[in-house]
Amino acid sequence: MAPTVTRHALVQSGIALENLGYQIVVQKKGGTGLNTRRQLTYRDALEKILDDMTVKPFEDTDEWIQDSIDCYMGAKHADRATPDTLTQVDTLRRNLLVLRFWIGLEIGVKPESLTATLGRDPLLRSSAWRIERSPESSWLATTPFLPCGDVHGAPRGYGATRPPLEP
């Protein structure tokens with residue numbers, strides 16, 4: 010089970026994405042896409058957000074959609090399985106990137122500016138971390154937002170290495 014802070018943040022980001030997708034359909038599309046009960050599935054909300062963006066912060070949006078569904082529904086519903094902790098943390102990271110990119114585009118940031126500065130964004134750079142777990146320990150590294158090349162406070166047998174960033 011993911012640490013409580015991660016699960017709460019993941020649920021909050023899911024709520025934000027779900028509401029954002031709904032608002033896009035209602036305000037920009039006149040409600041086209043809502044079901045007969047004037048609702049939108051979580052998957053549809055994520056797809057509407059991506060459709061509303063001229064550029065996206067990462068390429069594999071299908072994988073993100075499925076991971077976001079699995080993590081959000083797993084955290085929200087007791088009868089649903091939850092993905093492993095690192096998947097949850099990575100999904101939270103990608104949820105936040107999508108929200109930040111959408112907000113940037115909505116307030117008028119040029120798409121070229123968003124993509125040009127993406128390489129310096131700590132949320133994107135954190136995906137370059139590879140966290141290794143040794144079999145003799147049960148500790149899970151749950152913080153991909155590390156500022157340097159070590160896992161601070163990690164027990165023996167763990168380490169994080171970061172490949173050099175491409176220019």
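In my numbering, the protein residues as written are 10 to 176. All residues carry an ideal CB built from backbone N, CA and C; glycine is no exception. Values in this document were obtained by computation on a predicted structure and should not be read as measured data.
Separation of the CB atoms of Gly-23 and Tyr-81 is rounded to 3 Å, and the pair is thereby assigned contact status at 8 Å. Using a Cβ distance threshold of 8 Å, Ala-84 and Thr-94 do not count as a contacting pair. Considering only Ser-122, Gln-48 and Thr-15, the residue with the shortest C-alpha distance to Leu-29 is Gln-48. In this structure, Leu-59 keeps its C-beta atom at 8 Å or more from the C-beta atom of Thr-50. An exposed status is given to Asp-88, since fewer than 16 other beta-carbon atoms sit within 10 Å of its beta-carbon. Taking the Cβ atoms as the reference, Thr-100 lies roughly 17 Å from Asp-130, outside the contact range of under 8 Å.
For the stretch 94-142, the full-length alpha helix (DSSP H) segments reaching 4 residues or more read 94-115, 120-126 and 131-134 along the chain. Ala-18 has its alpha-carbon roughly 15 Å from the corresponding atom of His-86. For Glu-68, no alpha helix (DSSP H) run applies, since DSSP gives it neither H nor E. Apart from the 5 residues on each side of it in sequence, Arg-16 sits with its Cβ closer than 6 Å to the Cβ of Ala-84 in its chain, given in chain order. Between Leu-133 and Leu-105, the C-beta gap is not smaller than 8 Å, which leaves the two residues out of contact.
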